[in-house]
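Peer 1:
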Amino acid sequence: MNEDIYGIFLLIVVGPLLLAIPALHSRVPWPRHLAIIPALLLIVFPGDASLAMPWFLFGTGFAVDGEVRWILVMSVAVWLTAATVAKSSRRNPAYDRATPFFLLTLAGNLGAVLATDLVGFFSFSTLMGYGFYGLVVHAGDAEARRAGRLYLIFLIVADLALFEALLLAALTTGGNLQYVVVRQAMAGTSSSQLYLWMALAGFALKAGIWPVHLWLSTTFKSAPLSTTLLLGGVPVAMGLLGAVRWLPFGEIAFYVLGMVIMVMGVAAILYAVLMFFMHAPLTMFPVWGTVAVTGLSVMALGTGLAHPAVWRQYEYLTYPFIASLGMFLAALTFAIGRLQDKRQAPEVDLQRVEVLSPWGEGGMGVIERWAEDRLLILRSLWRDLRLKAVEQYQRIFDWGKPAVFIWGWSATITMFVFLGLVFAWLAG
Amino acid sequence: MNWDAWIPLLVIASSLLPGLIIFFLAEDRKRLRTTLNLAGALVKLALVCWMLWGVYHEHHYETRLTLLPDLELVLRAGPLSLLFLTLSTILWLVTTVYAIGYLEDSPHRSRFFGFFSLCVTATVGVALSGNLITFLLFYELLTLSTYPLVVHRGTEVARRAGQSYLVHTIFGGALLLLGTVWLYTLTGTLEFTPRGFLNDLGEEHRPALVIIFALLIAGLGVKAALVPLHGWLPQAMVAPAPVSALLHAVAVVKAGAFGIVRVIYDVFGVDFAAGLGVTEPLAWLAATTIIYGSLRALFQDDLKRRLAFSTISQVSYITLGVAIAGPIATIGGVVHLVHQGLMKITLFFCAGNLAETLGIHKVSEMSGVGRRMPWTMTAFTIGAFGMIGAPPVAGFISKWYLGLGALEAGQEWVIFVLAGSSLLNAAYFLPILHRAWFQEPQDAWPEEHHFGNKETAWALLLPPLVTALMALGMGMLASAPFSPLGWAQFISQREFYRP
Chain D
1 MNEDIYGIFL LIVVGPLLLA IPALHSRVPW PRHLAIIPAL LLIVFPGDAS LAMPWFLFGT
61 GFAVDGEVRW ILVMSVAVWL TAATVAKSSR RNPAYDRATP FFLLTLAGNL GAVLATDLVG
121 FFSFSTLMGY GFYGLVVHAG DAEARRAGRL YLIFLIVADL ALFEALLLAA LTTGGNLQYV
181 VVRQAMAGTS SSQLYLWMAL AGFALKAGIW PVHLWLSTTF KSAPLSTTLL LGGVPVAMGL
241 LGAVRWLPFG EIAFYVLGMV IMVMGVAAIL YAVLMFFMHA PLTMFPVWGT VAVTGLSVMA
301 LGTGLAHPAV WRQYEYLTYP FIASLGMFLA ALTFAIGRLQ DKRQAPEVDL QRVEVLSPWG
361 EGGMGVIERW AEDRLLILRS LWRDLRLKAV EQYQRIFDWG KPAVFIWGWS ATITMFVFLG
421 LVFAWLAG
Chain W
1 MNWDAWIPLL VIASSLLPGL IIFFLAEDRK RLRTTLNLAG ALVKLALVCW MLWGVYHEHH
61 YETRLTLLPD LELVLRAGPL SLLFLTLSTI LWLVTTVYAI GYLEDSPHRS RFFGFFSLCV
121 TATVGVALSG NLITFLLFYE LLTLSTYPLV VHRGTEVARR AGQSYLVHTI FGGALLLLGT
181 VWLYTLTGTL EFTPRGFLND LGEEHRPALV IIFALLIAGL GVKAALVPLH GWLPQAMVAP
241 APVSALLHAV AVVKAGAFGI VRVIYDVFGV DFAAGLGVTE PLAWLAATTI IYGSLRALFQ
301 DDLKRRLAFS TISQVSYITL GVAIAGPIAT IGGVVHLVHQ GLMKITLFFC AGNLAETLGI
361 HKVSEMSGVG RRMPWTMTAF TIGAFGMIGA PPVAGFISKW YLGLGALEAG QEWVIFVLAG
421 SSLLNAAYFL PILHRAWFQE PQDAWPEEHH FGNKETAWAL LLPPLVTALM ALGMGMLASA
481 PFSPLGWAQF ISQREFYRP
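Protein sequence lines, in the order shown, are assigned to chains D and W. Heads up: the first sequence at position 49 corresponds to 49 in the numbering used here, and the numbers run straight through without jumps. Heads up: the second sequence at position 30 corresponds to 30 in the numbering used here, and the numbers run straight through without jumps.
(1) Among D:G208, D:V137 and D:A237, which residue has its Cα nearest to the Cα of D:F102?
(2) Taking DSSP as the reference, what is the three-state secondary structure of W:S479?
(3) Any Cβ of chain W within less than 7 angstroms of the Cβ of D:F121?
(4) In this structure, does DSSP put D:R27 in helix, strand or coil?
(5) Between the C-alpha atoms of W:S88 and D:G129, what's the straight-line distance to the nearest angstrom?
(6) Residues of chain W with a CB under 7 angstroms from the CB of D:F58: which are they?
(7) Spell out whether any CB of chain W is found under 7 angstroms from the CB atom of D:A185.
(8) Could you round the C-beta distance between D:P308 and D:G250 to whole angstroms and report it? I think they count as a contact, below 8 angstroms.
(9) What do you get for D:D349, buried or exposed, if any count of 16 or more other CB atoms within 10 angstroms of its CB means buried?
(10) Straight-line CA distance for D:Q351 to D:G131?
(11) Would you report the Cα separation of D:E347 and D:D341, rounded to the nearest angstrom?
(12) Would you kindly report the start and end of the unbroken beta strand (DSSP E) that includes D:F62?
(13) Quick one: does D:T126 have its CB under 7 angstroms from some CB of chain W?
(14) Return the chain-ordered ranges of every alpha helix (DSSP H) run that is complete within the stretch 277–335 of chain W and spans a minimum of 4 residues.
(15) Is the CB of D:L167 under 7 angstroms away from at least one CB in chain W?
(16) Report yes or no: is there a C-beta of chain B within less than 7 angstroms of the C-beta of W:G395?
(17) Where does D:M275 fall in DSSP's three states?
(18) Indicate whether at least one CB of chain W lies closer than 7 angstroms to the CB of D:I336.
(19) Over what stretch of residues does the beta strand (DSSP E) that includes D:S50 continue unbroken?
(20) In its own chain, which residues sit with a C-beta less than 6 angstroms from the C-beta of D:A187, not counting the 5 before and 5 after it?
(21) To the nearest angstrom, report how far apart D:L127 and D:L104 are at their CA atoms.
(22) At a Cβ threshold of 7 angstroms, is W:P391 touching chain D?
(23) Under a CB-based cut-off of 7 angstroms, is D:L171 close to chain W?
(24) Could you tell me how far apart the beta carbons of W:A122 and W:S145 are, in whole angstroms, since I believe they sit closer than 8 angstroms?
(25) Across the stretch 215–233 of chain W and the stretch 285–299 of chain W, are there enough close Cβ pairs to call them in contact, namely three or more that are closer than 8 angstroms?
(26) How many angstroms separate the CA atom of D:T99 from the CA atom of W:A39?
(27) With C-beta atoms as the reference, is W:I331 less than 7 angstroms away from W:S492?
(28) Any residues in the stretch 42–71 of chain D with a beta carbon nearer than 7 angstroms to a beta carbon of chain W? Which ones, in chain order?
(29) For D:A335 and D:T219, which I take to be in contact (beta-carbon distance under 8 angstroms), what is that distance rounded to the nearest angstrom?
(30) Can you find a C-beta in chain W that's less than 7 angstroms from the C-beta of D:P16?
(31) D:W140 touches chain W at which residues, Cβ-Cβ below 9 angstroms?
(32) Short of 7 angstroms in beta carbon distance, which residues of its chain neighbour D:V157, apart from the five on each side in sequence? Order them along the chain.
(33) Please state whether the Cβ-Cβ distance between W:P392 and D:L57 is less than 7 angstroms.
(34) Considering only DSSP beta bridges, list what W:Y61 is partnered with.
(35) Determine the direct distance from the alpha carbon of W:C350 to that of D:A292, and round the result to whole angstroms.
(36) Which residue or residues does DSSP assign as beta-bridge partners of W:Q439?
In structure tokens, the structure reads:
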């Protein structure tokens, strides 16, 4: 393990926390992007690395290896996209008020990804959870408040369940809460069933897995795009990552529990498909997509509990799977969000295009104003060019709804085929 | 007497002497009063640091003065007393700075600071007591010195609150005295001894010892605000904010909780008390208080009153920790003595800032206050999350050890109490935070004072920021050497494992 990058490790968490102070981030350009840079550096840093922090909480640490790097890459990509989307809407007065919560959530998320033990993961994911609450409610309207309230209730109950699981784990291991130690210890103890239930309930609530997905759908309806595109990569992916790290998959068989979880996964997928056909405004598509994809993950987790040998065989795929799931959900949410934005525009209006532009006035807008003041002829030429570009852009998105419809059908059919294969494999 | 024997006396004198001088200072001698206050607090801090270093290196600090034949006033610095002593000394310094800012230009400051110093003298005496009679003396001095602080405003409501406080605490003091005298007649000694001094008493004394335990706990339970003896505490919140901070975090309530710890560890001994069958009912009483206090806090619109009921709930964690009678729960209970103090004093300082700067007294008036007073509300947020038990604030460490200790001792029901309490804490603290940070500010604050471009005066802002950072630091750096957690582990080891 390379121990030369302690500074980067600390900056990944401390940087966003410091920048969350309003007096600091209001004086720094692009604070949200700036806070992600240390994580980006860690990704490009070659090899594995770790930082032990025996003085922090009960003694925890950070580490990055091949598996963690998958999640880190996904997180950085999602956060960078969210930061850019948020910056494009910074004329909204809520933008500045949301910045500290954005940065707190970021610090918690990256800390949880890098944490090497259960207490570290729990602490940082709690920080992430409460920070995310700020992002959910910062729009300030009644719908956002309702979503926030729901999210908070689910979060508190989840944290309580995970806290109880933590206590059981600490009692069993004598205080050593490294992931590997806990997974092995909890496989051979009488309290493992209770531990499993507590941890599963906690992470299901945190990830918004069916049937406790209510906060997820409410948040999708009420929050701005910069927040909704974080949902898949942050709370959902962290919930699944937590389950993989905390639960003794591959160590011991819990056949009945595993089968129950698998059935719940199938039910989640069916529910998502049903809801998509019965109640399918375009904005809700990412919700049902998330429910379906998390249902698929739950099926995989159930398989791992019921058949440890299968889990051990495919264990190496879990981190890439979670990373691609987070990335996919973020991409889907982003695409639908942008499509929705475009479709809501009554006509091609340059003023509105500027607001919707991912670069906003900080980039092209400033140049355009400069041209407007000084070079009128160039400005008119420029305007015509942009108008043409936007018309092209709109035409592409006009194809969006049929494309999404076709995609939905093909995904559903694929899932049913996949389900059939799984059941055939289980039966055989 | 050698030098080491003088140090406990000097610790007492470092607040007693400035306090006595301050009584006779004219109101306009502001600079001298401030100098005396701060000098006393700093000297005390230096002496306590000296003792901490000494106790860590096995030095023995003890003062013995004969009061009556066979009855001595004993001041002794052990690990448990130093934990409480350090807490009260540090928080006294911070509260003094806060009180100087808070009472700027208000009347009767010499009287206030005189009694303030006396109150801390009594608290330090309680911490350093080496026997039950010394404890009792300082415990009663604490009652008498805090009464003038509670009624300081001189209003009718303050007088009524003071009356209630006096009636409750004098009744509690009488029970404590009765229990102490009875115990003395049985044993002939009142000397605090690790693992208690009752082990040699015969079986025939068990019923008497159960009643004595009940008398002592009832006497201490008044100040520790155990249900149903808690009535004075919500009323006493009419006192000025520095007094509320002192009552809830440093002095009175803590003296009661500390007394319960002393009685269980150094009078009865944990094993003996558990064998007597008195710890389990005490644990249930503490659990009832925890839930009751949280439930009552839920329905209070007055901010300080909500915090007062929260104190009733939170202080009983200490009692619960020691009543579980196991080494890990002991760590949780003892360390919460410090953690609760830091978190609660932060919350009361913030409540004082809101009242002094914007005239806000009610939760319903706090909409958008986070934008007007971001630093104060940041400190409040840290304190509130600590109370909920969210990591990495210090409250998480306390709840962790209490929960783990309960599981280790086979008392799983405590987990439900902790979970219920955390839920209730979240239910009465998070709406405050939501209102402060996410709701739109009202058109005008009830009574706004301006402090240039600052949100409030520095003397009011710095103390809550310092205590909030300490609460955060004690959670994050729990495993660091010399942390309160390390000290609590040392105390638990002495009580349970040392031969």
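Every residue gets a Cβ at the ideal spot worked out from N, C-alpha and C, and that includes glycine. Note that the coordinates shown come from a computational prediction; the quantities given were computed from them, not determined experimentally.
Peer 2: Quick answer:
(1) Minimum Cα-Cα distance from D:F102 among the listed residues D:G208, D:V137 and D:A237 corresponds to D:V137.
(2) Note: W:S479 maps to coil in three-state DSSP.
(3) Not one chain W Cβ lies under 7 angstroms of D:F121.
(4) Correct three-state label for D:R27: coil.
(5) Distance between the alpha carbons of W:S88 and D:G129 is about 35 angstroms.
(6) Neighbours of D:F58 on chain W, chain order: A478 and S479.
(7) Not flagged as an interface residue toward chain W: D:A185, since no C-beta distance is shorter than 7 angstroms.
(8) Correct: roughly 5 angstroms between the Cβ atoms.
(9) In this prediction, D:D349 has a pLDDT of 42, which is less than 50 and means its spatial position is unreliable; what the coordinates show is noted afterwards. Label assigned to D:D349: exposed.
(10) At D:Q351 the pLDDT is 42, less than 50, meaning the model places this residue with poor confidence; the figure from the coordinates comes in the next sentence. Going by the C-alpha atoms only, they are around 33 angstroms apart.
(11) Unreliable positioning characterises D:E347 in this predicted model, as indicated by a pLDDT of 42, which lies under 50. A coordinate reading is not provided.
(12) From DSSP, the beta strand (DSSP E) with D:F62 extends over T60 to V64.
(13) Chain W, which has a Cβ nearer than 7 angstroms to the Cβ of D:T126, makes this yes.
(14) The stretch 277–335 of chain W contains these whole alpha helix (DSSP H) runs: 279–298 and 303–323.
(15) Yes, because at least one Cβ of chain W sits closer than 7 angstroms to the Cβ of D:L167.
(16) No chain B is part of this structure, whose protein chains are labelled D and W.
(17) In this structure, D:M275 counts as helix in the three-state DSSP scheme.
(18) False, the Cβ-Cβ gap to chain W never drops below 7 angstroms.
(19) Run containing D:S50: A49 to M53, per the beta strand (DSSP E) assignment.
(20) A distance below 6 angstroms between beta-carbons, with the five flanking residues on each side excluded, links D:A187 to the following residues of its chain, in chain order: P248, E251 and I252.
(21) Distance between the alpha carbons of D:L127 and D:L104 is about 7 angstroms.
(22) Yes - at least one Cβ of chain D is within 7 angstroms of the one on W:P391.
(23) Nearest CB-CB separation between D:L171 and chain W: below the 7 angstroms threshold.
(24) A Cβ-Cβ distance of about 5 angstroms is found for the pair W:A122 and W:S145, placing them in contact under the 8 angstroms criterion.
(25) Flag = yes, the stretch 215–233 of chain W and the stretch 285–299 of chain W touch.
(26) Distance between the alpha carbons of D:T99 and W:A39: 43 angstroms.
(27) If you check the CB distance, W:I331 and W:S492 come in under 7 angstroms.
(28) Per Cβ criterion, the list reads P54, W55, F56, L57, F58 and G59.
(29) About 18 angstroms separates the two Cβ atoms, so there is no contact after all.
(30) Among the residues facing chain W, D:P16 is not included, as its CB has no counterpart in that chain under 7 angstroms away.
(31) One point to set straight first is that residue 140 of chain D is Gly, not Trp, in the sequence displayed. Within chain W, the residues near D:G140 are F438, Q439 and E440.
(32) Here the set comprises L205.
(33) A contact, by the Cβ cut-off of 7 angstroms.
(34) DSSP, once it has assigned bridges, lists W:A77 as partnering W:Y61.
(35) Approximately 46 angstroms between the Cα atoms of the pair.
(36) Its beta-bridge partners do not exist; DSSP assigns none.
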